[in-house]
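**Student:** Next up is a structure, given as structure tokens.
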Amino acid sequence: CPIMNSQSQMQEIDFLLVGQDKEILEQDARILREAGHENIRMVSAGIEARHVLKNSRVRFVITDLQMPCMNGIELLRLIRRTPGLSDIPVLIISDNRQKEMILYAIDEMVDGYLATPYSGEDLLQSINNIHKRRKLTALQQELRLARHLILVKNYEKAIDRAKGVLALDRNNSEALFILSEGYFWLQELDKARQFLTMYLKGNPASGKGMHLLSKVCRLD
Numbered sequence: 098c099p100i101m102n103s104q105s106q107m108q109e110i111d112f113l114l115v116g117q118d119k120e121i122l123e124q125d126a127r128i129l130r131e132a133g134h135e136n137i138r139m140v141s142a143g144i145e146a147r148h149v150l151k152n153s154r155v156r157f158v159i160t161d162l163q164m165p166c167m168n169g170i171e172l173l174r175l176i177r178r179t180p181g182l183s184d185i186p187v188l189i190i191s192d193n194r195q196k197e198m199i200l201y202a203i204d205e206m207v208d209g210y211l212a213t214p215y216s217g218e219d220l221l222q223s224i225n226n227i228h229k230r231r232k233l234t235a236l237q238q239e240l241r242l243a244r245h246l247i248l249v250k251n252y253e254k255a256i257d258r259a260k261g262v263l264a265l266d267r268n269n270s271e272a273l274f275i276l277s278e279g280y281f282w283l284q285e286l287d288k289a290r291q292f293l294t295m296y297l298k299g300n301p302a303s304g305k306g307m308h309l310l311s312k313v314c315r316l317d
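Once you know that position 89 of the sequence shown is 186 in the numbering used here, the rest is easy, because the numbers rise by one and skip nothing.
The following block contains the structure:
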């Protein structure tokens with residue numbers, strides 16, 4: 098198994114492509130470049146990928162499943178269990194359609210699994226789906242934290258968290274309601290009404306929205 102020399106400084110890599118089939122690697126790299134991604138690195142083995150990951154800032158890994166020395170699941174396991182690498186999105190590609198192998202990948206928290214043969218559109222759609230799911234998960238975590246902050250009466254921090262969600266998803270109804278609640282408890286009623294109006298526009302039948310509106314109106 099070939100091993101790469103350590104790099105003298107951290108390189109920014111948008112996509113690390115790992116696999117033995119050079120033709121497929123080059124095809125995928127071309128697809129990614131045509132989609133606007135420039136920093137792409139190709140390696141032929143998991144051992145090589147490990148060294149690149151150690152010496153570079155990699156944003157996304159696309160790896161073949163079947164490789165010598167370190168297969169795709171072993172590489173995935175390394176990424177998930179290494180501090181600083183564990184959050185990197187990983188897409189596994191394979192012609193192995195056995196349910197057991199897919200379950201192994203899921204157990205190691207793979208982000209996506211793409212069976213060959215696949216088109217350029219399939220590849221880009223898989224990447225896009227992974228980004229969407231990760232964004233949604235991150236927003237849900239922020240909303241859970243903001244809701245907890247409301248419950249412990251830390252309204253300022255709850256408002257900051259909810260605003261962060263709106264910066265990424267401007268119509269997020271739960272963030273709008275948390276902002277309404279936070280400003281209500283801070284007795285900033287104009288702001289409470291502003292965000293509550295936005296919330297009720299998308300959720301006109303919301304019982305909790307109407308209840309909070311009545312409370313705002315009684316205080317105003």
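Where is the CB? At the ideal position from N, CA and C, for every residue including glycine.
Have a look at V140 and G116 and give me their C-alpha separation to the nearest angstrom.
**Tutor:** 7 Å
**Student:** Exposed or buried, M167, counting other C-beta atoms within 10 Å across all chains shown (16 or more means buried)?
**Tutor:** buried
**Student:** Measuring CA to CA, which of N152, L173 and A126 is closest to G143?
**Tutor:** L173
**Student:** So the alpha helix (DSSP H) A126 belongs to, where does it begin and stop?
**Tutor:** K119 to E131
**Student:** Taking all protein chains shown into account, do 16 or more other C-beta atoms lie within 10 angstroms of the C-beta of T179, making it buried, or fewer, making it exposed?
**Tutor:** exposed
**Student:** When you compare only the Cα positions, how much space is there between C98 and E171?
**Tutor:** In this prediction, C98 scores a pLDDT of 48, lower than 50, which makes its location untrustworthy; the coordinate-derived value is nonetheless stated afterwards. Computed Cα separation, rounded: 15 Å.
**Student:** Mapping the DSSP letters down to three states, classify M198 as helix, strand or coil.
**Tutor:** helix
**Student:** Have a look at I227, D317, R258 and D219 and flag the residue whose alpha-carbon is nearest the alpha-carbon of M206.
**Tutor:** Taking only the C-alpha atoms, the option nearest M206 is I227.
**Student:** Going by the beta-carbon positions, is the gap between I128 and F112 smaller than 8 Å?
**Tutor:** Contact flag unset, no.
**Student:** Does L310 come out as helix, strand or coil in the three-state DSSP assignment?
**Tutor:** helix
**Student:** How is the beta strand (DSSP E) around E109 delimited, first residue to last?
**Tutor:** Q108 to I110
**Student:** Just tell me which of T160, R315 and W282 has its CA closest to the CA of V249.
**Tutor:** W282
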